[in-house]
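Report on one structure; see the data block that follows.
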Amino acid sequence: MSSTTTVVEVKSPQPQRASLAGTAATANVTAATETTSITNTSEAPIPPLTPEIHAPPPYAPTPAPTEEDLRVDRYDTNEGEPGGRIYVGGRKSKLAVVQSRYVASCLKNVHPGLNFPVIALTTLGDRVKDRPLYAFGGKSLWTKELEIILLNKLEGIEQIDMIVHSLKDMPTSLPDHCILGAITQREDPRDALVMPLNSPYKHLKDLPDGSIVGTSSIRRSAQLKRRYPKLKFESVRGAVPTRLSKLDDPEGIYSCIILAAAGMIRLGLEKRITSFLEAPDMYYAVGQGALGVEIRAGDDKIKRLVSRINHRPTSMCCLAERSLMKTLEGGCSVPIGVESNFESKTSLLEITGIVVSVDGTECVQGTVSAIANTDEEAEQVGRDLAADLLAKGAKKILDAIQLDHIE
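In this text, residue positions in the sequence shown follow our numbering: the first is 713, and each later residue adds one.
Below you can see the structure in the form of structure tokens.
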């Protein structure tokens, strides 16, 4: 694997609204011990990176980026001529790099005359690990830095042409000038139960009362509280290897943790999966298992390139799922689970959705199926399911959910 590293900080000095067409700002590039202030070289202004933090005590202030945070990792940048390079952006975690390089490989397979180097950044969501995501802004914290260098040309760093996201972590409402260009074939969308090494237990039902289940997802804990009310649930943050080390720590608090099966499989850790959680006990997250490729709106060249790796059955399912969530959430996350299927021969799209109260005591569920031949028709299926859930009482559950309880 060819890789290089430089130190770059992409930031905005003014804490303003998080539109990517916001007011002008500057970016700082740090090389070795020398700091150089540089300005945006494109006409589009750089938006602020850091949203206002609404974290109650005892959370500490958002940490300043370390030198490691400021490093920009590059993979495969020496391959091919500069004019034939299409830059793929992603986060710096091991899983994110695996996913970005997977997309780059898929693109290389269908466009052998081009090269697809990967540019990896640390995001604010990677840096803040001592609090749940709902306390400081939610899913956009995984994307803002990358969206800045998607839309702006900055000195000291390549302007990326696309961003690779875990689709489940990608907001349903994208910034101005950004669109979802492609969705890759879905890996296993189920959630995975992981027990400590040498644990005698194989299933949640086997655990003693009061055992602690590690998960940072309200969707997971809300659904499992319905089935296993005597278990306790605690947040566990960090990259997959970090979470596994916390689980295996003899002095740790967790009896098990729950992770997305897709991430475990992509990291080659499928042997650590004790069992899979699936409906009716557990409906998976919207978009889980799929990768989303975000591109600039109006960039027809890149749109044509990435369209070649779009997986239609996955795309139709995920567009319906994202439409369902967007209709229900009204601007904030909600504990919603889904299960969907698309039959390519008949174009029959079926989606089941569930909305659960945070404590697991209330639940609304529904299923909608329809023929869907276009993206718009898939999105309409999601809206139809949202209407069905609202008619069954989902609004009461959603209205009772407070922002400080949401993942």
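Heads up, the beta-carbon is just placed ideally off N, CA and C, and yes, glycines get one too.
Would you mind working out which of Ser1069, Thr927 and Ala974 sits nearest isoleucine 1048, comparing C-alpha positions?
Ser1069
Taking only three categories from DSSP, how would you classify serine 1019?
helix
The beta strand (DSSP E) spanning glutamate 946 covers which residue range?
944-946
My assumption, with CB atoms under 8 Å, is that alanine 1084 sits in contact with methionine 994. Please give the rounded CB distance.
25 Å between Cβ atoms; not a contact.
Just how far apart, CA to CA, sit leucine 1102 and aspartate 1096?
10 Å
Within this structure, are the beta carbons of valine 925 and serine 967 separated by less than 8 Å?
yes
Beta-bridge pairing of methionine 874 - partner residues as DSSP gives them
Val800
If we count the other Cβ atoms within 10 Å of its Cβ and call it buried at 16 or more, is leucine 931 buried or exposed?
Going by the sequence as given, residue 931 is arginine instead of leucine. The residue in question, arginine 931, is buried, as its Cβ has 16 or more Cβ neighbours within 10 Å.
Specify the secondary structure class of isoleucine 895 as computed by DSSP and reduced to three states.
strand
Out of curiosity, what's the CA-to-CA distance linking isoleucine 869 and tyrosine 787?
13 Å
Identify the residues that DSSP records as bridge partners of serine 957: which are they?
Bridge partners of serine 957: none, in fact.
Are the stretch 1050-1068 and the stretch 1003-1010 touching by the rule of at least three beta carbon pairs closer than 8 Å?
no
DSSP three-state assignment for alanine 808, whether helix, strand or coil:
helix
Ordered along the chain, which non-local residues of its own chain (more than five positions away) have a Cβ less than 7 Å from that of aspartate 1100?
Gly1078 and Val1080
Does the beta-carbon distance from tyrosine 996 to proline 901 come in below 8 Å?
yes
First and last residue of the alpha helix (DSSP H) that includes glutamine 1092?
1087-1101
CB-CB under 6 Å to leucine 959, same chain, minus the five flanking residues each way: which ones, in chain order?
Pro908, Tyr966 and Ile969
Buried/exposed call for histidine 877, threshold 16 Cβ in 10 Å
buried
Considering only residues of the same chain and omitting the five flanking positions on each side of alanine 1032, which have a CB-CB separation below 8 Å?
Ser1052, Leu1061, Ile1063, Ala1084, Ala1090, Glu1091, Val1093, Gly1094 and Leu1097
Continuous alpha helix (DSSP H) stretch holding threonine 1026: start and end:
1024-1041
Please decide whether leucine 886 counts as near chain D, where near means a Cβ-Cβ distance under 8 Å.
You won't find chain D in this structure, because it holds only one protein chain.
Answer yes or no: do lysine 806 and leucine 979 have a C-beta to C-beta separation smaller than 8 Å?
yes
Per DSSP, cross-strand counterpart(s) of cysteine 890:
Arg1008
To the nearest angstrom, how far is the alpha carbon of valine 1050 from that of aspartate 888?
27 Å
Reducing DSSP to helix, strand and coil, say where glycine 999 ends up.
coil
How do the stretch 909-918 and the stretch 1010-1029 stand: do at least 3 beta-carbon pairs fall below 8 Å, yes or no?
no
Between the C-alpha atoms of valine 702 and aspartate 1071, what's the straight-line distance to the nearest angstrom?
For the chain, the structure presents residues 713 to 1119; residue 702 sits outside this window and is missing.
Selected residue, minimal CA-CA separation from leucine 897, among Ser1059, Gly999 and Ile1113:
Correcting the residue identity first, residue 897 is glutamine in this sequence and not leucine. For the residues Ser1059, Gly999 and Ile1113, the minimum Cα distance to glutamine 897 belongs to Gly999.
Report the three-state DSSP secondary structure of isoleucine 869 (helix, strand or coil).
coil
Collapsed DSSP secondary structure at threonine 762 in the structure displayed:
Confidence in threonine 762 is poor, its pLDDT being 33 and thus under 50, which makes the residue's placement too unreliable to answer from.
Beta-carbon separation (whole angstroms), histidine 823 vs leucine 989, contact threshold 8 Å
So it is not a contact: roughly 38 Å between Cβ atoms.
Sequence-distant residues of the same chain with beta carbon closer than 8 Å to leucine 826, five excluded per side
Gly792, Gly796, Arg797, Ile798, Leu819, Lys820 and Leu1017
Serine 1081 - DSSP class collapsed to helix/strand/coil
strand
Spatial distance of valine 741 from alanine 1106 (CA atoms):
Low confidence applies to valine 741: its pLDDT is 29, below 50, so where it sits in the model is not reliable enough to give any reading.
Quick check: what's the CA-CA separation for glutamate 1088 versus glycine 922?
46 Å
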